[in-house]
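Its first residue numbered 1, the sequence shown is counted upward by one per residue in full-length UniProt numbering.
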Amino acid sequence: MKEIKGRPLPLGVTILEDEVNFSVAVPEGKECRLLLYRTGESEPCAAYPMDMDVGEVRYLALKGLAPSDYEYNYMIDGEVVADPYAKALAGREVWGRKREMQNHEVRGILYAREYDWEGDRPLRLPYHRVIAYSLHVRGFTKHFSSQVKNKGTFLGVVEKIPYLTELGINQIHLMPVYDFEECLQYRNYWGYGDAYCFAPKASYSASGDAVRELKDMVKACHKAGIEVVLEMPFTGTVPKQMIEECLRYYMMEYHVDGFILNPVVAPMEGIYADPVLKKTKIMVHQLGFQTVMRRFLKGDEGMVPEVMHWLRHNSREEGIFNYIANHNGFTLCDLVSYDGKHNEANGENNQDGPDYNFSWNCGAEGPTRKKGVLELRDRQMKNAFALVLLAQGTPCILAGDEFANSQKGNNNVYCQDNLTGWLDWRKLEREEELFAFVKGLIAIRKGYPVFCPEEELRGMDQTCCGVPDVSYHGENAWQAPSEVSSRQLGVYYSGAVLEGEDCFVAYNMHWLKHTFALPALPKGKKWYKIASTEDGILKKAELLKNQRSVELDERTVMMLAGR
Numbered sequence: 001m002k003e004i005k006g007r008p009l010p011l012g013v014t015i016l017e018d019e020v021n022f023s024v025a026v027p028e029g030k031e032c033r034l035l036l037y038r039t040g041e042s043e044p045c046a047a048y049p050m051d052m053d054v055g056e057v058r059y060l061a062l063k064g065l066a067p068s069d070y071e072y073n074y075m076i077d078g079e080v081v082a083d084p085y086a087k088a089l090a091g092r093e094v095w096g097r098k099r100e101m102q103n104h105e106v107r108g109i110l111y112a113r114e115y116d117w118e119g120d121r122p123l124r125l126p127y128h129r130v131i132a133y134s135l136h137v138r139g140f141t142k143h144f145s146s147q148v149k150n151k152g153t154f155l156g157v158v159e160k161i162p163y164l165t166e167l168g169i170n171q172i173h174l175m176p177v178y179d180f181e182e183c184l185q186y187r188n189y190w191g192y193g194d195a196y197c198f199a200p201k202a203s204y205s206a207s208g209d210a211v212r213e214l215k216d217m218v219k220a221c222h223k224a225g226i227e228v229v230l231e232m233p234f235t236g237t238v239p240k241q242m243i244e245e246c247l248r249y250y251m252m253e254y255h256v257d258g259f260i261l262n263p264v265v266a267p268m269e270g271i272y273a274d275p276v277l278k279k280t281k282i283m284v285h286q287l288g289f290q291t292v293m294r295r296f297l298k299g300d301e302g303m304v305p306e307v308m309h310w311l312r313h314n315s316r317e318e319g320i321f322n323y324i325a326n327h328n329g330f331t332l333c334d335l336v337s338y339d340g341k342h343n344e345a346n347g348e349n350n351q352d353g354p355d356y357n358f359s360w361n362c363g364a365e366g367p368t369r370k371k372g373v374l375e376l377r378d379r380q381m382k383n384a385f386a387l388v389l390l391a392q393g394t395p396c397i398l399a400g401d402e403f404a405n406s407q408k409g410n411n412n413v414y415c416q417d418n419l420t421g422w423l424d425w426r427k428l429e430r431e432e433e434l435f436a437f438v439k440g441l442i443a444i445r446k447g448y449p450v451f452c453p454e455e456e457l458r459g460m461d462q463t464c465c466g467v468p469d470v471s472y473h474g475e476n477a478w479q480a481p482s483e484v485s486s487r488q489l490g491v492y493y494s495g496a497v498l499e500g501e502d503c504f505v506a507y508n509m510h511w512l513k514h515t516f517a518l519p520a521l522p523k524g525k526k527w528y529k530i531a532s533t534e535d536g537i538l539k540k541a542e543l544l545k546n547q548r549s550v551e552l553d554e555r556t557v558m559m560l561a562g563r
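Quick look at the structure:
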């Protein structure tokens, strides 16, 4: 190997045909050396002073270095440091094993393997066509009941693609997949905190090659019509320019379709303006929909005006998505099964996790055999799915909610790398009816254009047909409920503007029955019942005997189509 003059940018390692360039930021006044290791060994075989500098960047290039034969670190003022720009890491292939940098157990990999994308590229699905599904790569398939070969890995997700497509999912949101340290004071199961942001997590691979397997997963998802969106929370210690470089890298190197960012940390203005990321989905968490719909679901008064807003709001421009349950908080099953959080197992005296969940246990705290309570919980979960999947914004389902997965009342499983935090797939067989309902509701959303318009409906007659594109009703047609005590709402979608069928959705979140007056359809059309949270998804639409009104039982949502 021969030392030659290198280049200060880009930071990290750049592998060219006959040379490898190393570049790293080092605080002024500190000594820096490049350490080289033979692949798989934990003792350096060579060290090179890095004296060339521009600003605080030290750089060096080596000619004649075979990348596959070596790994690397830096020694900065006597401390062994892994490259924050490392594209892959050795020594972190086993989940949960604490490693010491000073013992050279963790090393950067000079990754130079070619990958055949077979013509793959980001899917760029329209926002209004997306049905999203949020999951944790390890927890999604780690449970013994997942019935996959490669449990808890990127390839485990690939094995579940047929399940996702059967459900109707076309976008997955992945909690952090970059290489984070899981062995903190409490086990860091979620992956928040400091991390090697450019390196996919080695312990999420089945073979040890996380780079290839993450690419395999993305390519397989794309072949199935599923976008891949990465949650990249970063921390306040990550430089702004590094965040932008990281996003560009995952988009270009891994064909990722989008990112979920923390706008408090990420330089959003620069990211939105970045020409490389212009067609990439940039998304953020927003609690507005969740809070309003949870309160409406459990029967709080005064929610109807805000429900009307969120049912119509198109979230594309803001990059937000609609969810009632997310990893931070109760699962949907726990939302209707617990009044309070039960995080005792986290070791923080139940002080962690959100205190205000707007949950309701339906009459019993936690597990119960009371038939009436169980039936009500089942109805409430279906009501929740109706609120999410029939609203105009991009819907997102928490993995396992479609078969009532529970975390035993724990609303903050950040440290629960065990049966509590993993999906229990045995419940899928027990909850076949709930799964079928969610699958059918997704099909309804996709099959009726009024539920997923490209542009936000305006509440105006856009086609001169005499009916606004969307209107709100109560027990009297054309009169939205205005009383604070009202817990019911009817929404009429005119199919004329989107050249589809008219639809009417009646929401009764009250604990009493209510009758909804039905708006009159254009001549020659009649109202048909297509689904309800009481009767499920109907195999054949039922003509309503009474075309003027419909009665809904307590805590029920009904969907009608005008034909």
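Just so it is clear, CB atoms sit at the ideal spot from N, CA and C, and this is done for glycine as well.
Query	Result
Suppose the cutoff is 6 angstroms on Cβ atoms and the five residues either side in sequence are ignored; what does the same chain contact list for residue 183 look like?	98
If you measure between the beta carbons of residue 405 and residue 427, is that distance less than 8 angstroms?	yes
One question on the structure: do residue 453 and residue 492 come within less than 8 angstroms of each other, judged by their Cβ atoms?	no
Between the Cα of residue 563 and the Cα atoms of 57, 524, 514, which residue gives the shortest distance?	524
CA-CA distance, residue 546 and residue 300?	30 angstroms
Which runs of the beta strand (DSSP E) at least 3 residues long sit entirely within the region 50 to 105? Give them in chain order.	52 to 54, 57 to 63, 70 to 76, 79 to 81
Can you say whether residue 309 is buried or exposed, counting buried as having 16 or more other CB atoms within 10 angstroms of its CB?	exposed
Per the contact definition of three or more C-beta pairs closer than 8 angstroms, is the region 319 to 329 in contact with the region 273 to 291?	yes
Note the first and the last residue of the continuous alpha helix (DSSP H) segment covering residue 387.	371 to 389
For residue 21, which residues does DSSP report across the bridge?	14, 61
Are there any heavy atoms of the ligand SAM lying less than 7 angstroms away from the beta-carbon of residue 256, as far as the coordinates show?	The ligand SAM is not among the ligands present in this structure, which contains no ligands whatsoever.
When you compare the CB positions of residue 444 and residue 559, do they come within less than 8 angstroms of one another, or not?	yes
Whole-angstrom Cβ separation of residue 44 and residue 104, contact assumed at under 8 angstroms?	7 angstroms
Helix, strand or coil: which one does DSSP assign to residue 191?	coil
Any Cβ of chain D within less than 8 angstroms of the Cβ of residue 250?	Of the chains in the structure shown, none is chain D; there is only one protein chain.
Report yes or no: do three or more beta-carbon pairs, one from the region 114 to 123 and one from the region 132 to 142, lie closer than 8 angstroms?	no
Decide if residue 379 is buried, meaning its Cβ has at least 16 other Cβ atoms within 10 Å, or exposed.	buried
Should the region 252 to 271 be regarded as contacting the region 291 to 299, the criterion being three or more beta carbon pairs within less than 8 angstroms?	no
Have a look at residue 14 and residue 6 and give me their C-alpha separation to the nearest angstrom.	10 angstroms
Skipping 5 residues on each side, what residues in its chain have a beta carbon closer than 8 angstroms to that of residue 420?	345, 407, 408, 410, 413
Which class does residue 514 belong to by DSSP, given the choice of helix, strand or coil?	strand
Would you say the region 355 to 371 touches the region 82 to 98, given that touching needs at least three Cβ pairs under 8 angstroms?	no
Does residue 180 come out as helix, strand or coil in the three-state DSSP assignment?	strand
Can you tell me whether residue 437 is buried or exposed? The criterion is at least 16 other CB atoms within 10 Å of its CB, across all chains shown.	buried
Going by Cα to Cα distance, which pick from 212, 280, 181 is closest to residue 229?	280
Provide the residue span of the alpha helix (DSSP H) that contains residue 296, from first to last.	288 to 298
With three or more beta-carbon pairs closer than 8 angstroms as the criterion, would you say the region 22 to 31 touches the region 53 to 71?	yes
Could you check how far apart the C-beta atoms of residue 498 and residue 449 are, in whole angstroms? I think they sit under 8 angstroms.	4 angstroms
If you draw a straight line from the C-alpha of residue 218 to the C-alpha of residue 227, how long is it?	8 angstroms
Whose CA, out of 87, 399, 66, 47, lies closest to the CA of residue 80?	47
Using the Cα positions of residue 540 and residue 367, report the straight-line distance between them to the nearest angstrom.	35 angstroms
Skipping 5 residues on each side, what residues in its chain have a beta carbon closer than 6 angstroms to that of residue 75?	33, 35
Taking the beta carbon of residue 102 as the centre, do at least 16 other beta carbons fall within 10 Å, making it buried, or is it exposed?	exposed
Report all residues from its chain with a CB closer than 6 angstroms to the CB of residue 455; omit the five preceding and five following residues, and keep chain order.	none
My guess is that residue 173 and residue 422 are in contact by the Cβ rule of under 8 angstroms, so how many angstroms apart are they, rounded?	Contact flag wrong, Cβ pair sits at about 17 angstroms.
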